[in-house]
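A.B. asks: Handing you this structure, nothing more for now.
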Amino acid sequence: MFFEVLPDQGGERVDRFVSAHSGGLSRSRVKTLIEEGCLSCGPKTVTEPAELVKAGQHYVLHIPPAAPAVPEGEHVPFDVYYEDDDLIVLNKPAGLVVHPAPGNETGTLVNGLIAHCGSSLKGIGGERRPGIVHRLDKDTSGLMVAAKTEKAHLALSEDFAARRIDRAYLAFCWGCPNPAEGDYEGDIGRDKRDRKRMAIVTHNGKWALTHYRTLKAFAMGAALVTCKLATGRTHQIRVHFSAHGHPLIGDPVYLRRVPAAAKGLTPDARAAALDFPRQALHATRLGFKHPRTGETLSFEAPMPEDMQQLGQVLAAQE
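Position one of the sequence shown corresponds to residue -14 (this note's numbering), numbered consecutively onward.
Laid out in structure tokens, this is it:
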């Protein structure tokens, strides 16, 4: 990549200058490349990111080929809703972990994306891997977008941080929210009594807002709700509904006893809800602007079969 410093651009840090004119490289990535000796100014190799540029100088940045990803590619089944050179939109099945981690080093969504996308992955941070810009819990199903290029990764990450992404979820909860439509709000942070759980906290939490609407009530025992996120905190929907007395059906973390609302269901419906093996939560809609073309993209994925069956059993009691 070639860069010329114009008369009004002198005096700026070289890492900031190159990043701003690179067409999508993050400043941290440019800094790493400079420190690795990939930037030259005439015969000189530039290795100090804080060096100031001067008008009339010419820089050449060499970007080495993306290194193989540390996680290996594996065949992992998922439905692809959209794919181009910049990104991929997919429907993650329940039970699939997104990132490799201790205890789940293989068989993750990242492993599957590396195998599926192959050479179309242009590299994120110098490594041939997908750019994960948001996550779904292992047992939450639904739509996700992953970036193939550093530019797309940076743009999508900024859109998520700025809350410019349209996300909607479907969930079955215990009881019927009152009012039937409204907002659940409260700072979310680590539960002091159980570090694996999140909770509504008064100190050191992050503000979170969930808009919800009841789509169908099943007597007074359960409800199908749709949720739209104004923020994206860890376990946000699960925490908000649990804190307001309506934990999600099947939630292994935030539902630790048989809820009183279960008495409002018929024996068959109650058994189906109590035996549901995961949190009944599905990311049903995802919308965003394409990071390169600016086109508005919107996708919808229907509830998976297990949640559809749960809904049929709940509805049968009426």
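All C-beta atoms in this analysis are idealised placements derived from N, C-alpha and C, irrespective of residue type, glycine included. Remember, predicted model here, so these are calculated numbers, not experimental data.
(1) Taking the beta strand (DSSP E) that Met129 belongs to, which residues open and close that run?
(2) Please state whether DSSP places Cys26 in a helix, a strand or coil.
(3) Based on Cα-Cα distance, which residue from Gly279, Glu285 and Thr278 lies nearest to Thr269?
(4) Buried or exposed for Gln297, going by 16 or more other Cβ atoms inside 10 Å?
(5) What did DSSP end up calling Thr17 once you bin it into helix, strand or coil?
(6) By the three-class DSSP mapping on this structure, what secondary structure does Asp122 have?
(7) Relative to the alpha-carbon of Pro276, which residue among Asp122, Val95, Glu90 and Ala140 has its alpha-carbon at the smallest distance?
(8) What residues are listed by DSSP as bridge partners for Cys158?
(9) I need the straight-line Cα distance from Lys77 to Thr134, nearest angstrom please.
(10) Can you tell me whether Met129 is buried or exposed, with buried defined as 16 or more other CB within 10 angstroms of its CB?
(11) Just tell me which of Phe63, Arg218, Cys26 and Ser104 has its CA closest to the CA of Arg83.
(12) Go through the stretch 222 to 286 residue by residue and report every complete run of the beta strand (DSSP E) that reaches 3 residues or more, in order.
(13) Taking the straight line between their C-alpha atoms, what separation do you get for Gly171 and Thr216?
(14) Am I right that Ala100 and Cys161 are in contact with their C-beta atoms under 8 Å? What's the rounded C-beta distance?
(15) Give me the Cα-Cα distance between Arg120 and Arg175, rounded to the nearest whole angstrom.
(16) Put Arg218 into one of helix, strand or coil per three-state DSSP.
(17) Within 10 Å of its beta-carbon, does Val205 have 16 or more other beta-carbons around it, so buried, or fewer, so exposed?
(18) Kindly indicate the opening and closing residues of the alpha helix (DSSP H) around Asp176.
(19) In the DSSP assignment, find the unbroken beta strand (DSSP E) run with Asp179 in it and report its ends.
(20) The beta strand (DSSP E) that contains Ile73, what's its start and end?
(21) Are at least three pairs of beta-carbons, each pair with one atom in the stretch 83 to 92 and one in the stretch 30 to 44, less than 8 Å apart?
(22) Give me the Cα-Cα distance between Leu46 and Gly279, rounded to the nearest whole angstrom.
(23) On the premise that Asp151 lies in contact with Gly272, defined as a C-beta separation below 8 Å, what is that separation, rounded to the nearest angstrom?
(24) Less than 8 Å between the CB atoms is what I'm expecting for Met183 and Val210, so what's the real figure, rounded?
C.D. replies: The relevant details are as follows:
(1) For the purposes of this step, residue 129 is identified with residue 144 of the sequence shown, where counting begins at 1. Unbroken beta strand (DSSP E) run through Met129: Ser126 to Ala132.
(2) Position 41 of the sequence shown, counting from 1, holds the residue named residue 26. The answer is strand: DSSP assigns Cys26 an E or B state.
(3) On the sequence shown, position 284 is the one that residue 269 refers to. The shortest Cα separation from Thr269 among Gly279, Glu285 and Thr278 belongs to Glu285.
(4) Numbered from 1 along the sequence shown, position 312 holds the residue referred to as residue 297. Answer is exposed; the Cβ neighbour count stays below 16.
(5) What you label residue 17 is simply residue 32 of the sequence shown in a count that begins at 1. Helix, per DSSP.
(6) For this step, residue 122 is matched to residue 137 along the sequence shown. Coil.
(7) Numbered from 1 along the sequence shown, position 291 holds the residue referred to as residue 276. If you compare the alpha carbons of Asp122, Val95, Glu90 and Ala140 with that of Pro276, the shortest gap goes to Ala140.
(8) Position 173 of the sequence shown, counted from the first residue, corresponds to residue 158. Partner(s): Ala208 and Leu233.
(9) Working through the sequence shown from its first residue, we reach residue 77 at position 92. Working through the sequence shown from its first residue, we reach residue 134 at position 149. Rounded to whole angstroms, the gap between the alpha carbons of Lys77 and Thr134 is 21 Å.
(10) Here residue 129 refers to the residue found at position 144 of the sequence shown. Buried is the call here.
(11) Numbered from 1 along the sequence shown, position 98 holds the residue referred to as residue 83. The amino acid occupying residue 83 in the given sequence is Val; Arg does not appear at that position. The residue with the shortest Cα to Cα distance from Val83 is Phe63.
(12) Runs found: 266 to 274 and 281 to 285.
(13) Position 186 of the sequence shown, counted from the start, is the residue given in the question as residue 171. Position 231 of the sequence shown, counted from the start, is the residue given in the question as residue 216. If you take the alpha carbons of Gly171 and Thr216, they lie about 11 Å apart.
(14) By 1-based counting over the sequence shown, the position of residue 100 is 115. By 1-based counting over the sequence shown, the position of residue 161 is 176. Between Ala100 and Cys161 the beta-carbon gap is near 44 Å, outside 8 Å, which marks them as no contact.
(15) Numbered from its first residue, the sequence shown carries residue 120 at position 135. Numbered from its first residue, the sequence shown carries residue 175 at position 190. Approximately 18 Å, taken between the alpha carbons.
(16) Within the sequence shown, numbered from 1, the residue matching residue 218 stands at position 233. The DSSP-derived three-state label of Arg218 is coil.
(17) Indexing the sequence shown from 1 puts residue 205 at position 220. It is worth fixing the name first, because residue 205 is Met in this sequence and not Val. Met205 counts as exposed, since fewer than 16 other beta carbons sit within 10 angstroms of its beta carbon.
(18) Counting from 1 along the sequence shown, the entry for residue 176 is found at position 191. Asp176 -> not in any alpha helix (DSSP H); beta strand (DSSP E) instead, spanning Ile173 to Asp176.
(19) Position 194 of the sequence shown, counted from the start, is the residue given in the question as residue 179. Note, Asp179: beta strand (DSSP E), Asp179 to Ile185.
(20) Locating residue 73 in the sequence shown gives position 88, counting from the first residue. Leu72 to Lys77 is the extent of the beta strand (DSSP E) around Ile73.
(21) Segments in contact, no.
(22) Stepping through the sequence shown from its first residue, residue 46 is reached at position 61. Stepping through the sequence shown from its first residue, residue 279 is reached at position 294. Spanning the two alpha carbons is a distance of roughly 27 Å.
(23) Along the sequence shown, read from residue 1 onward, the residue named residue 272 stands at position 287. Along the sequence shown, read from residue 1 onward, the residue named residue 151 stands at position 166. Beta-carbon to beta-carbon, Gly272 and Asp151 are separated by about 3 Å, close enough to satisfy the 8 Å threshold.
(24) Looking up residue 183 in the sequence shown gives position 198. Looking up residue 210 in the sequence shown gives position 225. So it is not a contact: roughly 19 Å between Cβ atoms.
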